[in-house]
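Below is one structure, written out as C-alpha cells; comments come after it.
Laid out in C-alpha cells, this is it:
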C-alpha cells in the first residue's frame, strides 16, 4: 500500500495513463491529484472521466477546476432567451478569463457529453477537496494546489482563503513548517528561478513542487511516492 501524488495533468491523458503504468498503481494504493486536471491539453474531460472511475483517487481543487465549475454550469444549460438575459458581467468576465487560461479543449469535450454525463462531471468537480493533510510513515505532508498565500506561522489552515490556496504561488524561499512537507503544483518547476533542474521535481525548505510542465513542449508529467520520495516522470 503506497501513496502517490500527481499534479497539473492539464488534459495530457496519454501521459497520465503512461505515468499510472510506470508507478504501477494498485487498487490498495492511494493517489492524490493536486488539481488542474482540466484545460490546455487535448483530453481534459477524458482524463476527468478516468479519474471518476478510480475509487482510490482523491482530487484536490486547482484554479482551473474553479474556473471551469461555474462556467460549465452555465454552458450546460439550454440556450434560452431567459438564460442569455442572466449572462451578467461577472459571468462574461469568468468565461473570458477561463478562455484566456486554455478552456477550449475542456469545452469541446464537454459539449460531446450527454446532459446526464455533463451533470456527472459537474458534480464530480464539486466534490474536489481544498487541501489534505496526510501522514505517511514518519513524515507529515500538506497537499495543496498552489501554496499558502499571505502566509503567517500563526495562521491555522482554516484561516487561508480559497484564493490563497489555489491561486497564490508558493514561496519556495520560505519554510512554512519545520515538521511538515508542503507538496504543491501550480507553478511549473521550469519557472522556479532557483531550481537547478528545471522540469524536474523541486525540493527545498520542506517544499516539494511537482508540476513539471506536462503541457509545455518537452515538459513532463511527474509523480512522487510519499512513502519513499521516489520520483517518476513521463516526458513529452
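In the working numbering, the protein residues as written are 35 to 270. All C-beta atoms in this analysis are idealised placements derived from N, C-alpha and C, irrespective of residue type, glycine included. This structure is a prediction, so every number in the text was calculated from the model and none was measured.
Per the contact definition of three or more C-beta pairs closer than 8 Å, is the segment 248–257 in contact with the segment 40–54? The segment 40–54 is in contact with the segment 248–257.
Who are the near neighbours of residue 114 in its chain, counting only those whose CB is closer than 6 Å to its CB and skipping five residues on each side? Looking up residue 114 in the chain shown gives position 80. Caution is warranted here: a pLDDT of 46 is assigned to residue 114, below 50, making its placement in the model unreliable, and the coordinate value is therefore given only provisionally. Around residue 114: no qualifying Cβ.
Within a Cβ cutoff of 7 Å, which residues of the same chain sit near residue 132, ignoring the five residues on either side of it in sequence? Within the chain shown, residue 132 is the residue found at index 98, counting from 1. Scanning its chain for C-beta atoms nearer than 7 Å, with the 5 sequence neighbours on each side dropped, one finds around residue 132 the residues 101, 102, 105, in chain order.
So, under 8 Å CB-CB, residue 178 and residue 216 are touching, yes? Tell me the CB distance rounded to an integer number of Å. Taking the chain shown and counting its residues from 1, one reaches residue 178 at position 144. Taking the chain shown and counting its residues from 1, one reaches residue 216 at position 182. Taking C-beta atoms under 8 Å as the contact rule, residue 178 and residue 216 qualify, at a distance of about 7 Å.
Start and end residues, beta strand (DSSP E) containing residue 167: Position 133 of the chain shown, counting from 1, holds the residue named residue 167. Counting along the chain, the beta strand (DSSP E) containing residue 167 begins and ends at 165–170.
Less than 8 Å between the beta carbons of residue 181 and residue 205, yes or no? The residue you call residue 181 lines up with position 147 of the chain shown. The residue you call residue 205 lines up with position 171 of the chain shown. The answer is yes: Cβ separation under 8 Å.
As assigned by DSSP and simplified to three states, the class of residue 224: Within the chain shown, residue 224 is the residue found at index 190, counting from 1. Residue 224 carries a helical assignment under DSSP once its states are collapsed to helix, strand and coil.
Rounding to the nearest angstrom, what Cα-Cα distance links residue 268 and residue 53 in this structure? Working through the chain shown from its first residue, we reach residue 268 at position 234. Working through the chain shown from its first residue, we reach residue 53 at position 19. Looking at the two C-alpha atoms, the distance is approximately 6 Å.
From this set, 190, 176, 194, which residue's C-alpha is nearest residue 183's C-alpha? As a first step, residue 183 is located in the chain shown; it is residue number 149 there, counting from the start. Between residue 183 and the set 190, 176, 194, the nearest pair of CA atoms involves 194.
Decide yes or no for the touch test of the segment 160–167 against the segment 87–97: beta carbon pairs closer than 8 Å, at least 3 of them. Yes: at least three Cβ pairs fall under 8 Å.
Roughly how many whole angstroms lie between the Cα atoms of residue 99 and residue 157? As a first step, residue 99 is located in the chain shown; it is residue number 65 there, counting from the start. As a first step, residue 157 is located in the chain shown; it is residue number 123 there, counting from the start. Between residue 99 and residue 157, the C-alpha separation is close to 12 Å.
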